[in-house]
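Reading through the structure tokens given below for one structure.
2 protein chains.
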Amino acid sequence: MKYIGVDLGGTNIVVGLVDSEGNIVKSYTRPTLTTRKTEEIFDDIIDMCQIIIEEFKLDSTSLKGVGMGIPGEIDSKKGIINYSNNIPMKDFNVGSYMQNLCKKVNMDIPFFFANDADCAALGELVAGAGKGHSDLIILTLGTGVGGGIIINHKIYSGFYAGGAELGHQTIVHNGEPCTCGNKGCLEAYASASALIRDAKKAAKENPSSLLNSLTNNNLENMTAKVVFDAKDQKDNVAIKLVDDYIEYLAVGVANLINIFKPEVLLLSGGISKQGEKLTTPLKEKVSKKVFGSDLQTIIDIATLGNDAGLIGAAMLSR
Amino acid sequence: MKYIGVDLGGTNIVVGLVDSEGNIVKSYTRPTLTTRKTEEIFDDIIDMCQIIIEEFKLDSTSLKGVGMGIPGEIDSKKGIINYSNNIPMKDFNVGSYMQNLCKKVNMDIPFFFANDADCAALGELVAGAGKGHSDLIILTLGTGVGGGIIINHKIYSGFYAGGAELGHQTIVHNGEPCTCGNKGCLEAYASASALIRDAKKAAKENPSSLLNSLTNNNLENMTAKVVFDAKDQKDNVAIKLVDDYIEYLAVGVANLINIFKPEVLLLSGGISKQGEKLTTPLKEKVSKKVFGSDLQTIIDIATLGNDAGLIGAAMLSR
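In order, the protein sequence lines correspond to chains C and D.
Numbering-wise (the numbering used here), the first sequence opens with residue 1 and increments by one.
Numbering-wise (the numbering used here), the second sequence opens with residue 1001 and increments by one.
What follows is the structure, encoded as structure tokens:
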């Protein structure tokens, strides 16, 4: 049996054929071009699905379904995109629109829809760092902090659409302003953007810090990697920044463990490339914060990178 | 079909017969006497179950099972009490011990075990304020802040035992010390104890506040009810205390809604007796804090009081 996955991102659309082990057999990429009409974006997706179906001569005995990972608030049950910020879409009945693919290839296809971060969580469970487990939480440390929850092999995103907003738990009441309009969210402390914000401020206040030389004295060049590099070179300002960053991340992680006690908690996104430099101090801090008995949850780095979303989307139709 | 529920509390053991609608047909109460051996406590429970089984002439065609709500960390799958603080118990194999009841009444009985707060959540879903719904979260605002989660009609308490510790989410990094050893937990702001702590401090700092006269100038008489009463009598100090209390509670509630988007979120425990005086301002604050679309979750007061735990325990064997 084969599975088609669609990863609709702010930059690219990726449509791929995935086998039952979660391996990508073939994939195609086209630019999303977010300024066009929603229907035009999905016409491209339909076209890409059709190409794969015809190339691999898929029929209803060999194709289990098409799963789609979409940024924003998705009503998975009804097949409706309530809204999306990255790609301007609102109240779009994607379930109904995708029937156009069925007409084109003249076959009944089951469609499945989920938020893209939720798909990434499922992808890691099936074919990534969560393989062999059943219950997983993923935090994506990028421009924002995304989240996905897997309970008993399935995506959990709340009773109403759009839950699992793990980056928007308040950890500092009246703290740093968050992009969501609230204050003190985990995202406002544990995203790459938050680390860059704090690093720029610290660099200004400490002219001799390596944060300045490593950015060629232009703070617009500041990245999360620069901060971790400066820390590796024993820059005291960067050491403090990274320690604070991991402290806040640990608060959010411990909160989630106290609620879900998951088998595995994975970190993905740009900052997760720090690997054990991130997870070792994080585990130490989380151990001290979790309620009750010892830390049982495995804390690790996600392994599939950008493929997680595509693989997880495909696996929606398992 | 009938169901036996056991509510093992720090003060009393309640064992009752419950019908399929969640009504208590009959119940018996004995003191827990927590200083005795764990086996002796469970011998009492076995005895009380036997009395009910014989009184109602229950057999395997009329008794679905015995469900037990136990304070502490319960491994529901294995039938083991990992530990309990309220009643000193550790690594007790309750599943195995309850087989003594089967021998006494000469019948096979299915046993079910869960944390007592989780049982209260299930009780409210079956027969209380959550009736007719499938997905519910309960926060008990008492000496501490307890929590229970129901997903799709079933208790969710994490992959490993002892999750759903909703009172131990950090909402103020490095905030007030919590009984759990951590700082800034929701419990350290939204428990009755937290409100009493803050009210004592405020009363001392404001000698003319009603908080002093209403406690006969003895702050040891301070209760959460006194603070709400003083607020109702337009005492400015109490108005601020209650507003701050509800603000922190709103942060915790919004965090949970951002993750679970539950159908219903219920408040129970002493402070919940304030009813709409609590829920009306709470809903207003939560509405401003939740991520994305409008507040869909119903926020309400639990209705079963102390019976919730017994009813929910019985309903474990549904």
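By construction, the Cβ of each residue, glycine as well, lies at the ideal position given by its N, Cα and C atoms.
All figures in this text were calculated on a predicted structure; none of them were measured in a lab.
Using a Cβ-Cβ cut-off of 8 Å, glutamate 1165 of chain D counts as an interface residue toward chain C, since at least one Cβ of chain C sits closer than that to its own. The residue among C:Asn115, C:Phe291, C:Asp235 with its C-alpha nearest the C-alpha of isoleucine 259 of chain C is C:Phe291. Among the residues facing chain C, glycine 1162 of chain D is included, as its CB has a counterpart in that chain under 8 Å away. As a beta-bridge residue in DSSP terms, asparagine 1012 of chain D pairs with D:Pro1031. Between the beta-carbon of glycine 123 of chain C and that of glycine 309 of chain C there is about 6 Å, and that keeps the pair under the 8 Å contact cut. Within the same chain, and ignoring the five residues on either side of threonine 143 of chain C in sequence, the residues whose Cβ sits closer than 8 Å to its Cβ are Ser191, Ala192, Ser193. Check the Cα spacing between leucine 1295 of chain D and each of D:Leu1316, D:Ile1257, D:Glu1276: the tightest is with D:Ile1257. Aspartate 1118 of chain D sits buried, since 16 or more C-beta atoms from the chains shown fall within 10 Å of its C-beta.
The beta carbon of serine 76 of chain C lies closer than 6 Å to those of Phe113, Ala114 in the same chain, with the five residues before and after it left out.
Residues Ala127 of the same chain have their beta carbon placed closer than 7 Å to that of glutamate 21 of chain C, with the five preceding and five following residues left out of the count.
Between glycine 1147 of chain D and leucine 1166 of chain D, the C-beta gap is smaller than 8 Å, which places the two residues in contact. Taking C-beta atoms as the reference points, valine 242 of chain C and lysine 289 of chain C fail to come closer than 8 Å. In the DSSP assignment, phenylalanine 1112 of chain D forms a beta bridge with D:Gly1067. Chain-order list of chain C residues neighbouring asparagine 1086 of chain D: empty, with the shortest C-beta distance near 14 Å, by a criterion of under 8 Å. In this structure, the CA atom of arginine 1030 of chain D is about 30 Å from the CA atom of glutamate 1187 of chain D. Taking 8 Å as the threshold, the shortest C-beta distance from glutamine 1050 of chain D to chain C does not fall below it. Excluding sequence positions up to five before and after serine 62 of chain C, its CB lies within less than 7 Å of the CB of Met1, Lys2, all in the same chain and listed in chain order. Under the rule that a run must span 3 or more residues, no beta strand (DSSP E) segment is found entirely inside the region 201-227 of chain C.
Secondary structure note for glycine 146 of chain C: its beta strand (DSSP E) is the uninterrupted segment 145-151. Interface annotation, glycine 142 of chain C: not in contact with chain D, CB-CB separation never under 8 Å. The beta carbons of alanine 1202 of chain D and valine 1237 of chain D sit closer together than 8 Å.
Between leucine 1282 of chain D and isoleucine 1271 of chain D, the CB-CB gap reaches or exceeds 8 Å. Sequence-ordered contacts of the region 1243-1259 of chain D with chain C read Glu1247, Tyr1248, Val1251, Gly1252, Ala1254, Asn1255, Leu1256, Ile1257, Asn1258, Ile1259 [C-beta pairs closer than 9 Å]. DSSP places methionine 107 of chain C outside both helix and strand once states are collapsed to three, so it counts as coil.
If you draw a straight line from the Cα of serine 1084 of chain D to the Cα of isoleucine 24 of chain C, it comes to about 48 Å.
Residue-level contact check: valine 1145 of chain D does not touch chain C, since none of the beta carbons of chain C fall below 8 Å from its beta carbon. When DSSP reads this structure, proline 1177 of chain D sits in a beta bridge with D:Lys1183.
If you check each beta-carbon in the region 9-42 of chain C against every beta-carbon of chain D, none falls closer than 9 Å. Among the CB atoms of chain C, none fall inside 8 Å of the CB of aspartate 1198 of chain D.
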